[in-house]
Amino acid sequence: MRIAVVNETSAADKNKDVIAALEGRGLAVINAGMKKTGEKPELTYINTGFYAAVLLNLGRVDLVVGGCGTGQGFLNSVMQYPDVSCGLIQNPLDARLFAQINAGNCISLALNYGYGWAGDVNLKLIFDQLFSVKEFGEGYPPHRSESQKESRERLKKISGIAHRSFAEIVAAVDGAVIKPVLEYPGALEIIGIDSIKDAGLKKAFKERL
């Protein structure tokens, strides 16, 4: 599984803890930033929500691990975009049930609020449970799995109806949202504009450079 870690500015100092908690699991982890406090450009949860949605919509990763101070801001930001299913994960049970029932492609962590003694241990336990599910969407309890699958498919269709195409979004989004992301060190390499197959989406990105 390909994982991108996307931290916003208030939680940049927790980036090292998230990366450490993901180590040793056989995952392909991309540390997309922010990697440390004080980096420029500074990415707020508005920027990281867009960044995460770009990586998911381009198929660069299978799952984004994001978050902010409380987890709420990033959650609300990233859910404005199509083909993103994000859950607020505060403990290991949240993680297991999100994987089993919702089968989402993005999680939001509270990386300041309640992040005290043993916060790094809680992160490891969260990932233990998240990746203990053999196949995301296997359902819980088991007899509810088919109904839960149907609900996920309905939500996917609603998302398609409710959102513009991603090319339209990239073309129209405020410069204060897209510019810091494209200028963040390493972001253009991760996004890989030249390898985007959708001609309209590639054109939209190139026009924003």
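Those letters in the sequence shown? Residues 1 to 209, by full-length UniProt numbering. The beta-carbon is built from N, C-alpha and C at its ideal position, and this holds for glycine as well.
| Asked | Found |
| --- | --- |
| Given residue 177, which residues of its chain have a CB within under 7 angstroms of its CB, disregarding the five upstream and five downstream residues? | 46, 47 and 50 |
| Within 10 angstroms of its Cβ, does residue 153 collect 16 or more other Cβ (buried), or is it exposed? | exposed |
| What runs of the beta strand (DSSP E), each 3 residues or longer, lie entirely inside the region 77–134? | 86–89 and 106–110 |
| Per DSSP, residue 67 forms a beta bridge with which residues? | 109 |
| Can the beta-carbon of residue 107 be found less than 9 angstroms from the beta-carbon of residue 65? | yes |
| Identify the residues that DSSP records as bridge partners of residue 3: which are they? | 29 and 63 |
| Are residue 67 and residue 133 close, meaning C-beta to C-beta below 9 angstroms? | no |
| Hey, is the region 118–138 in contact with the region 51–60, meaning 3+ C-beta pairs nearer than 8 angstroms? | no |
| Quick check: what's the CA-CA separation for residue 74 versus residue 135? | 25 angstroms |
| Using only CA atoms, which one of 150, 167, 172 and 180 lies nearest to residue 203? | 167 |
| Below 8 angstroms, can you find three or more Cβ-Cβ pairs linking the region 109–123 to the region 138–148? | no |
| Please state whether DSSP places residue 49 in a helix, a strand or coil. | helix |
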